[in-house]
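Peer 1: Quick note on full-length UniProt numbering: the sequence shown kicks off at 1 and runs consecutively. Ideal Cβ placement from N, Cα and C applies to all residues, glycine included. Keep in mind the model is a prediction, meaning the values are calculated, not measured. Quick one: this structure, given as structure tokens, is what I'll be asking you about.
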Amino acid sequence: MSAELFNLLDEIEEEKGISKDVILDALESALISAYKKNFGAVQDINVKFPENGDIKIFARKTVVDEVENRETEISLENARKIKGEYEIGDIVEFEVTPDSFGRIAAQTARQVVFQRIREAEREKMVDEYSGRENSIASAVVRKIERRNVMLEIDGAESVLMSNEQVKNDNYRVGERYKVFVVEVADGIKGVHLVVSRSHPGLVRCLFELEVPEISQGIIEFKGISREAGSRSKIAVASNSSNVDPVGTCIGPKGMRVQNVIDELRGEKIDIIRYSDDPAEFVSNALSPADVVSIEVFEDSKMCKVTVPESQLSLAIGKEGQNVRLAARLTGWKIDLSAVPDSSNADDLGIDSGELTEDEMQREVSEILNEQE
Numbered sequence: 001m002s003a004e005l006f007n008l009l010d011e012i013e014e015e016k017g018i019s020k021d022v023i024l025d026a027l028e029s030a031l032i033s034a035y036k037k038n039f040g041a042v043q044d045i046n047v048k049f050p051e052n053g054d055i056k057i058f059a060r061k062t063v064v065d066e067v068e069n070r071e072t073e074i075s076l077e078n079a080r081k082i083k084g085e086y087e088i089g090d091i092v093e094f095e096v097t098p099d100s101f102g103r104i105a106a107q108t109a110r111q112v113v114f115q116r117i118r119e120a121e122r123e124k125m126v127d128e129y130s131g132r133e134n135s136i137a138s139a140v141v142r143k144i145e146r147r148n149v150m151l152e153i154d155g156a157e158s159v160l161m162s163n164e165q166v167k168n169d170n171y172r173v174g175e176r177y178k179v180f181v182v183e184v185a186d187g188i189k190g191v192h193l194v195v196s197r198s199h200p201g202l203v204r205c206l207f208e209l210e211v212p213e214i215s216q217g218i219i220e221f222k223g224i225s226r227e228a229g230s231r232s233k234i235a236v237a238s239n240s241s242n243v244d245p246v247g248t249c250i251g252p253k254g255m256r257v258q259n260v261i262d263e264l265r266g267e268k269i270d271i272i273r274y275s276d277d278p279a280e281f282v283s284n285a286l287s288p289a290d291v292v293s294i295e296v297f298e299d300s301k302m303c304k305v306t307v308p309e310s311q312l313s314l315a316i317g318k319e320g321q322n323v324r325l326a327a328r329l330t331g332w333k334i335d336l337s338a339v340p341d342s343s344n345a346d347d348l349g350i351d352s353g354e355l356t357e358d359e360m361q362r363e364v365s366e367i368l369n370e371q372e
């Protein structure tokens, strides 16, 4: 059997890249366990794999002056009957291979070899996929179970949980979707990828695919805030004075951003120019609304933002979405207030050049109250 085993291990080592010694170590441990289980042995057992012959089991005993445990010890007198050179502390081996052990060895060897192949392939796949965390992948829908979607990604299995999906998606078996790889895990059945369609990282990765200037280091992502399936705001900056970051991400005729929107099934995307100046950054982030003035409070990291009255609802957004996304994107609290449009202020007889902003706001409020 050993000759056949070694030939098989040579083939596995060549085809699968699994070391023969690794499998032999695993097989030795398995055979020792099988021997003790089937024959009730308590000795120190050793397994030998002669290249031309059957697998052999040997019991190992330590040479002692006085024997206390016959299972693991042998007297010096008896040891020297076997070989005269033995001394106290030496190890004496006795072959204890049962006649029926060949069948057990064959079954065990087969199980260990196939198990080790599966483990090695799983480890190889984990190593291969571990570098794909926080990146994008193309997934095929294999099955839909209740609200969860079973995906296949280059041979690996994944489940797109309901809380990682977006409302605009309508999954069908066989369709392809771009997903964001959150984590690579070693599962019971092999590599398991934790993926998401709602993660902000998916938006970033989609733009990286569409905008080569990002991978070239010309355009830099500064932040993303997202309410998946509805709207995202991304902040971008340019490392070249000759390249407009917003226009570059939009692309010729809007094709670059449109490709991202299509992949996200119609999710709206605002591309914001980043600025180190908090007032400018917050003003940009509130797009598409125009800003009249901004007062920055560094200690509380809060901005008081004034917008034209006609654009207050635009600045706030549906159910507060626009100002909420702007606050997340910038990292600043935003306190919105409105003043009448300049034309309305003129009609009310207010000379804005003679009043401070607070005085103007108070006077506008008083006049409006009087008119009511």
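(1) Once the 5 residues before and after V243 are set aside, which same chain residues still bring their CB inside 8 Å of it?
(2) Let's see if you can read the secondary structure: which residues bound the beta strand (DSSP E) around N46?
(3) Might you give, ordered along the chain, the residues of its own chain that have their beta carbon closer than 8 Å to the beta carbon of V194, omitting 5 neighbours on each side?
(4) Suppose contacts are defined by Cβ-Cβ distances below 8 Å. Is V291 in contact with S300 by that definition?
(5) Going by the CB atoms, is the gap between L286 and N322 shorter than 8 Å?
(6) With V191 and A156 assumed to form a contact (beta carbons below 8 Å), what rounded beta-carbon distance in angstroms separates them?
(7) Find the nearest neighbour of S138 within the set I294, L160, S19 and E123, judged by alpha-carbon distance.
(8) Grab me the residues of R116's own chain with a C-beta within less than 6 Å of its C-beta, minus the 5 sequence neighbours each way, in chain order.
(9) Quick check: D270 and K233, are their CB atoms within less than 8 Å of each other?
(10) Beta-carbon of I316 versus every beta-carbon of chain C: anything under 8 Å?
(11) Can you tell me whether I218 is helix, strand or coil according to DSSP?
(12) So, using beta-carbon positions, are A55 and F49 closer together than 8 Å?
(13) What are the boundary residues of the beta strand (DSSP E) that includes L160?
(14) Is the region 70-79 in contact with the region 3-16, if contact means three or more CB pairs nearer than 8 Å?
(15) Let me know the secondary structure DSSP gives P308 once reduced to three states.
(16) Using beta-carbon positions only, say whether V305 and I272 come within less than 8 Å of one another.
(17) If S310 and D341 are in contact, beta carbons under 8 Å, what's the gap, nearest whole angstrom?
(18) Is E68 buried or exposed, if buried means 16 or more other CB atoms sit within 10 Å of its CB?
(19) Can you round the beta-carbon distance between K16 and A120 to whole angstroms, since I take them to be within the 8 Å contact cut?
(20) Can you give me the start and stop residues for the beta strand (DSSP E) that E93 sits inside?
(21) I'd like the ranges of any beta strand (DSSP E) spanning at least 3 consecutive residues and lying wholly in the region 226-293.
(22) Counting only the same chain and skipping the five closest in sequence on each side, list residues whose C-beta sits under 6 Å from that of T330.
(23) Pull up the CB-CB distance for I136 and L209, whole angstroms please, since I reckon it's below 8 Å.
(24) May I ask which residues mark the beginning and end of the alpha helix (DSSP H) holding E123?
(25) For the beta strand (DSSP E) containing D335, list its first residue and its last residue.
(26) Using only alpha-carbon positions, find the residue among V260, I12, Q43 and N38 that is nearest to F114.
(27) Applying the 10 Å Cβ sphere with the 16-neighbour rule, what's the burial state of E14?
(28) Can V203 and T248 be called in contact, C-beta distance under 8 Å?
(29) Would the beta-carbon of A279 fall within 8 Å of that of V307?
(30) Could you tell me which residues DSSP pairs with A185 in its beta bridges?
(31) For N38, which residues in the same chain have their Cβ closer than 7 Å to its Cβ, ignoring the five residues on either side in sequence?
(32) Under a Cβ-count criterion, where at least 16 other Cβ atoms within 10 Å of its own Cβ denotes burial, should V173 be classed as buried or exposed?
(33) Tell me which residue opens and which closes the beta strand (DSSP E) that N148 is part of.
(34) Below 8 Å between beta carbons: does that hold for E175 and G229?
(35) For the region 5-84, which segments carrying the alpha helix (DSSP H) assignment without a break, of at least 4 residues, lie completely within its bounds, in sequence order?
(36) Could you give the residue range of the alpha helix (DSSP H) that holds V203?
Peer 2: Put simply:
(1) Taking the sequence shown and counting its residues from 1, one reaches residue 243 at position 243. Same-chain partners within the cutoff: E213, I218 and I219.
(2) The residue labelled residue 46 in the question sits at position 46 within the sequence shown. It spans D44 to K48 - the beta strand (DSSP E) in which N46 sits, taken as one unbroken run.
(3) Indexing the sequence shown from 1 puts residue 194 at position 194. Cβ within range, chain order: S158, V181, V182, E183, V184 and A185.
(4) Here residue 291 corresponds to residue number 291 of the sequence shown, with the count starting at 1. Here residue 300 corresponds to residue number 300 of the sequence shown, with the count starting at 1. No, the Cβ-Cβ distance between V291 and S300 is not below 8 Å.
(5) Residue 322 sits at position 322 when you count from the first residue of the sequence shown. Residue 286 sits at position 286 when you count from the first residue of the sequence shown. Their beta carbons are under 8 Å apart, which means N322 touches L286 by this criterion.
(6) Stepping through the sequence shown from its first residue, residue 191 is reached at position 191. Stepping through the sequence shown from its first residue, residue 156 is reached at position 156. About 5 Å; that satisfies the 8 Å criterion.
(7) For the purposes of this step, residue 138 is taken as the residue at position 138 of the sequence shown. Nearest of I294, L160, S19 and E123 to S138, Cα basis: L160.
(8) What you label residue 116 is simply residue 116 of the sequence shown in a count that begins at 1. Around R116: I23 and A26.
(9) Along the sequence shown, one-based indexing puts residue 270 at 270. Along the sequence shown, one-based indexing puts residue 233 at 233. Closer than 8 Å, so yes.
(10) No chain C appears in the structure shown, which is made up of a single protein chain.
(11) In the sequence shown, the residue the question calls residue 218 occupies position 218. I218 falls in the coil class under three-state DSSP.
(12) As a working mapping, residue 55 is identified with position 55 in the sequence shown. As a working mapping, residue 49 is identified with position 49 in the sequence shown. The identity of residue 55 in the sequence shown is Ile, whereas the question assumes Ala. Yes, the Cβ-Cβ distance between I55 and F49 is below 8 Å.
(13) Reading the sequence shown from its first residue, position 160 is the one you call residue 160. From DSSP, the beta strand (DSSP E) with L160 extends over A156 to L160.
(14) no
(15) The count along the sequence shown starts at 1 and reaches residue 308 at position 308. Three-state result, P308: strand.
(16) As a position in the sequence shown, residue 305 is number 305, starting the count at 1. As a position in the sequence shown, residue 272 is number 272, starting the count at 1. Cβ atoms of V305 and I272: not closer than 8 Å.
(17) Along the sequence shown, one-based indexing puts residue 310 at 310. Along the sequence shown, one-based indexing puts residue 341 at 341. At roughly 5 Å, the Cβ-Cβ gap stays under 8 Å, so S310 and D341 are in contact.
(18) Position 68 of the sequence shown, counted from the first residue, corresponds to residue 68. When all chains shown are included, E68 counts as exposed.
(19) For the purposes of this step, residue 16 is taken as residue 16 along the sequence shown, with counting starting at 1. For the purposes of this step, residue 120 is taken as residue 120 along the sequence shown, with counting starting at 1. Rounded, the Cβ-Cβ distance is 6 Å, consistent with contact.
(20) Here residue 93 refers to the residue found at position 93 of the sequence shown. Taken as a continuous stretch (DSSP letters only), the beta strand (DSSP E) holding E93 covers I91 to E95.
(21) 231-238 and 268-273
(22) Position 330 of the sequence shown, counted from the start, is the residue given in the question as residue 330. Counting only Cβ-Cβ distances below 6 Å, and skipping sequence neighbours, we find F281, V282 and A285.
(23) Along the sequence shown, one-based indexing puts residue 136 at 136. Along the sequence shown, one-based indexing puts residue 209 at 209. I136 to L209, Cβ: 7 Å. Contact.
(24) For this step, residue 123 is matched to residue 123 along the sequence shown. F101 to S130 is the span of the alpha helix (DSSP H), which, as asked, contains E123.
(25) Looking up residue 335 in the sequence shown gives position 335. First-last of the beta strand (DSSP E) with D335: K333 to V339.
(26) Position 114 of the sequence shown, counting from 1, holds the residue named residue 114. When each option's Cα is compared against that of F114, the closest is I12.
(27) Position 14 of the sequence shown, counted from the first residue, corresponds to residue 14. Answer is exposed; the Cβ neighbour count stays below 16.
(28) Start at 1 with the first residue of the sequence shown, and residue 203 comes out as number 203. Start at 1 with the first residue of the sequence shown, and residue 248 comes out as number 248. No. Outside cutoff.
(29) To locate residue 279, count along the sequence shown from 1; it is residue 279. To locate residue 307, count along the sequence shown from 1; it is residue 307. Contact: no.
(30) Within the sequence shown, numbered from 1, the residue matching residue 185 stands at position 185. Answer by DSSP bridge pairing, in chain order: H192.
(31) As a first step, residue 38 is located in the sequence shown; it is residue number 38 there, counting from the start. Around N38: I104.
(32) Here residue 173 refers to the residue found at position 173 when the sequence shown is read from its first residue. Under this definition V173 is an exposed residue.
(33) By 1-based counting over the sequence shown, the position of residue 148 is 148. N148 to I153 is the span of the beta strand (DSSP E), which, as asked, contains N148.
(34) On the sequence shown, residue 175 is found 175 positions in, with the first residue counted as 1. On the sequence shown, residue 229 is found 229 positions in, with the first residue counted as 1. No, the Cβ-Cβ distance between E175 and G229 is not below 8 Å.
(35) 20-39 and 76-82
(36) What you label residue 203 is simply residue 203 of the sequence shown in a count that begins at 1. Where V203 is concerned, the enclosing alpha helix (DSSP H) stretches over P200 to E210.
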